[in-house]
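Using the numbering used here, the first residue of the sequence shown is number 10, and each one after it goes up by one.
Beta carbons are placed, not taken as given, at the ideal position from N, Cα and C, and that holds for glycine.
What you are looking at is a predicted structure, and each value in this text was computed from that prediction instead of being measured.
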Amino acid sequence: MKKDISKLDPKEYILIKGAKLHNLKNIDVAIPKNKLVVITGMSGSGKSTLAFDTLYAEGQRRYVESLSSYARQFLGKLDKPQVDFIHGIAPAIAIQQKVNSTNPRSTVGTSTEIYDYLKLLYARIGKTYSPISGELVQKDTVTDVIDFMKTYPADSKFILSIDLVVPEDRSFAEHLNILQQQGFTRLAVDDNQVKIEDLISFNFEPQPENKVALIIDRISIPEDAEESFFHRLADSLETAFFEGKGDIKLQILENKVTKSFSNKFEMDGIIFNEPNTHFFSFNNPYGACPTCEGYGKVIGIDEDLVIPNKAISIYEDAVVAWKGDKMSEWKTLFMKVATKVDFPIHKPYFELSEEQKDFLWRGDKYWEGLDGFFKMVEQNTYKIQYRVMLSRYRGKTVCPTCKGRRLRPETTYVKINGKAISELVDLPLNELNDFFQSIEFSEFDRQVASRIIYEISSRLQFLLDVGLEYLSLNRASNTLSGGESQRINLATSLGSSLVGSMYILDEPSIGLHSKDTERFVSILHRLRDLGNTVIVVEHDEDIMKAADYIIDIGPEAGTNGGEVVFEGTYDELLKADTLTAKYLNGDLAIEIPKHRIKPQNYLKVLGARENNLKNIDVKFPLNMLTVITGVSGSGKSTLMKEILTPALERNFEIFGNRIGEHDGLIGDLNQLNGIELIDQNPIGKSSRSNPVTYVKAYDDIRNLFAAQKASKLNGFQAKHFSFNVDGGRCDTCKGEGTITIEMQFMADVDLVCEECNGQRFKKSVLEVKFNELSISDVLNLTIDNAIEFFGKHEQKKIVDKLKPLQDVGLGYVKLGQSSNTLSGGEAQRVKLAYFLTKGETADKTLFIFDEPSTGLHFHDIQKLIKALRALIDLGHSVFVIEHNMDIIKVADWIVDLGPEGGKNGGYLVAEGTPEDVAKVKESFTGQFLKEKL
């Protein structure tokens, strides 16, 4: 349906006319400004093309146009999106599901800017305490001295002096002459004032018992002292501090009391560093821990390798380095020492207290600890067996100097309300927020800190509102999931409080439990209420309900999509005739299975206690669809990726990953021949990797082209139709189709290769056709079109390999689409398709999927569930980490962790069929599941 947008006002709407990029069918769209707008539709219908490749690209292009001509010379070729015009556009900010930062120095604190404000706060109002006496370290200023003098009545008399120190290369007489030349006139010898000229004429030489001081000034503050008087007084004090190397004395003549002042930052014989922002920065050599250089980790002896099974005791050989005839002498020695200090040698390692572990590792006067043992090994590395042994136990370990906190140890002397900055960065965000809410200041500190505290608190509140209260500021960015990093980016944008902008978000609900979606919606509303247009590409029902306006793109995906099939409010959408509407109003639904499969065989994880897991036993049925649920941060990924996966890999003799802490894995392990963890990481590192190479269909396509008559005449082989090797590919762009220009001051820019116009191959290769299509044309077909094309021309082998991609809902993806342009959910479904192509021949495998519903419309979830069931029918087992209620309700078995995230998570809240879980009152998943069942 075509909408006439010519009569609408660009002040109230963003008007897009004639959008025809990718599969968009020359559409006109009017997006109301300062509203929350959801763009929905089937995966591949053109939502992202409209939001990112058209709207955002134009916003970015206009920004570039505003730069200087020098900057534009590198960017001049930024293509205009394929539209007739866009009116009323605002500055655009895109928040996408980017693969998170891989920089090991990047943390939650640095990426949200909270840490920058924290450094500033500690530099401005942090108080330094001596580690010896615990006293506050202070230095006196000129103002402090004047304020002290003002506490005495007017016309009180003061003598300002410093202890006289004669330089070693000067005699006393020479020094007196120099002082006289500098304008000083008096000394105090044993508290008696004497003129310097008199001392010179008497040739006075002080004895060791004499106290000699240089009098800088004699002062009396009159009743009606003017500003100029205090300027002169300040000059005298400055001179005194300089001449006295930081120490001065002020004598009050009335009561003969002498008060000392010092502008040196020292106490208890220690000279302390004065706090500044660099002092608290682990990205600056001045503040970084000298041992780990601010990374928080060093290469050392890895506790997990020395004691791999923490469920057994020292007596039962928990320390694997002490096995064998020679090394067991250390174990025997330790047993003898343990009796002296009451060390429990029969207690499992994980139950030992921190002091007991410290005794085992660091030792004491009786014994040198495991550290001493490995020192001995290091000293013997000239022997090959010791070198081998040392390499076996080396790994990345927490830095022993800073305990993983990244900063130099001296920073712990600086405190605010009794807390050092390194203690605050380890707190979960909700506890950190409580700290800032309850903090108490003096009047001066409040004036200095109020703005900084406001910035920190507001940013913390945004992070809590997007459901990330379980993270800490010290958490490395490269350990976050895609959904977490997107919500951090969103909270950072909120923190900068921009107005009049256009925010474009790519499925921000990924990784959010239904319980957190309500809070998340309030954030989107807040962003809108600041005066921004918020455009969200989304499939989540709750976010659609909260939207002011919905645009539904369809009717289906790929070439059958690209049209606006509906625009209006949520209530109007329910009455419409689109696929989205049918699922929302119940005409179509994802059916609940009539019968749940009864579990026969189990895997059981015992005593899982890695990260926040609370020593839980969990059973997972095999040969069926098992779904692991729980709020963000409840421990799902820890249980599946850090315990179950590596423990099973160990069983198949794969020794790559460290196993999280648990007591053991039992069950029908002989039912499985392998394990595949299918997460949202890209399917290939190279930009030339694509779905059709991943499912091995490209080999057959190349062979097909090599068999054509034109190929034989030119001597072309299959390799000439590959863009991975020299021969047939374009030499300029090396088969990429684009050339990347590195921008020193901005993000890199990709420009279409001028030699091959983005077709990736040489002209002679492109002249070889199969039924009128060149190799480049074939790679530009969508999977749906390719299946139709090759089906017509009886290429069954190619069709069979492409079919699984269609079955998992990727029919809209182009054959040659670069892997690094696929979203996390798409990459995961390509991997799923690859395993479906193997069919019956594959060994019985356990598949673990991490949120495969990412980016899927209701209609595509239907296809995904079918594909997962197809794996089970082939005899495999499927475990899915998921928040999507449509997938949870069709599961055969649910493991629900929680009840909350972070410290309040990690418990097994419920397990059983969806009907069983819905009855558990404590389960948030159960409450939302009840509505669906």
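Item, Value
"Beta-carbon gap between Gly492 and Asp525 smaller than 7 angstroms", "no"
"Segments assigned alpha helix (DSSP H), at least 4 residues, entirely inside the segment 184-228", "205-210"
"Residue burial classification, Phe251 (beta-carbon count within 10 angstroms, cutoff 16)", "exposed"
"Distance CB(Val574)-CB(Asp561) smaller than 7 angstroms", "yes"
"Neighbourhood of Gly204 by C-beta distance below 7 angstroms, restricted to the same chain and skipping five residues each side", "Checking the sequence, you will find Lys at residue 204 rather than Gly. Same-chain partners within the cutoff: Thr194, Arg195."
"Proximity of Ala99 and Asn285 at Cβ, strictly below 7 angstroms", "no"
"Straight-line gap, Arg70 to Gly616 (C-alpha atoms, nearest Å)", "55 angstroms"
"8 angstroms CB neighbourhood of Pro215 in its chain, flanking five on each side removed", "Phe181, Val198, Val221"
"For Leu760: DSSP bridge partner residues", "Ile748"
"Under 7 angstroms between C-beta atoms of Val174 and Leu246", "no"
"Backbone CA spacing between Ser481 and Asp435 [nearest angstrom]", "6 angstroms"
"Gly833 CB to nearest heavy atom of the ligand ZN below 6 angstroms", "In the structure on display, the ligand ZN does not appear, and there are no ligands present to speak of."
"Residue from Val38, Leu30, Ala28 whose Cα sits closest to the Cα of Leu17", "Val38"
"Integer-rounded CB distance, given that Thr854 should sit under 8 angstroms from Lys810", "Actually they do not touch by this definition, with Cβ atoms about 19 angstroms apart."
"Outcome for Met385 when other beta-carbon atoms lying within 10 angstroms are tallied against a minimum of 16", "exposed"
"The beta strand (DSSP E) enclosing Asp326, as first and last residue numbers", "Neither: Asp326 is in no beta strand (DSSP E) and is coded neither H nor E."
"Rounded C-alpha distance that separates His1 from Asn32", "Not covered by the structure: residue 1. The range shown for the chain is 10 to 942."
"Thr542, DSSP secondary structure in three states", "strand"
"DSSP-derived helix/strand/coil call for His802", "coil"
"Strand pairing of Tyr138, partner residues [DSSP]", "Leu145"
"Cβ pair count under 8 angstroms reaching 3, the segment 399-409 against the segment 295-309", "yes"
"Exposure of Met892, with buried meaning 16 or more beta-carbon neighbours within 10 Å", "Reading the sequence as shown, one finds His at residue 892 and not Met. Answer is buried; the Cβ neighbour count reaches 16."
"Beta-bridge partners of Gly693, as assigned by DSSP", "Answer is none; Gly693 lacks a bridge partner."
"Ile141 versus Glu275 - alpha carbon distance", "12 angstroms"
"Phe779 versus Leu814, Gly744, Leu713, residue with shortest Cα-Cα distance", "Leu713"
"Cα-Cα separation, Leu1005 to Lys607", "With the chain represented from 10 up to 942, any question about residue 1005 goes unanswered, as that position is not in the structure."
"Beta carbon of Ser641 nearer than 7 angstroms to that of Gly910", "yes"
"Candidates Thr63, Pro908, Gly864: closest to Ile519 by CA position", "Gly864"
"Validate contact between the segment 649-667 and the segment 614-630 using beta carbons, cut 8 angstroms, 3 pairs", "yes"
"Residue(s) in a DSSP beta bridge with Lys166", "Ser229"
"Ordered list of alpha helix (DSSP H) runs contained in the segment 701-739, each at least 4 residues", "707-715, 718-723"
"Sub-7 angstroms separation of Ile425 and Gly135 beta-carbons", "yes"
"Leu880 vs Val889 beta-carbon contact at 7 angstroms", "no"
"Beta-carbon spacing of Gln837, Ile687 below 7 angstroms", "yes"
"Stretch pair the segment 764-773 + the segment 734-749: three plus CB contacts closer than 8 angstroms", "yes"
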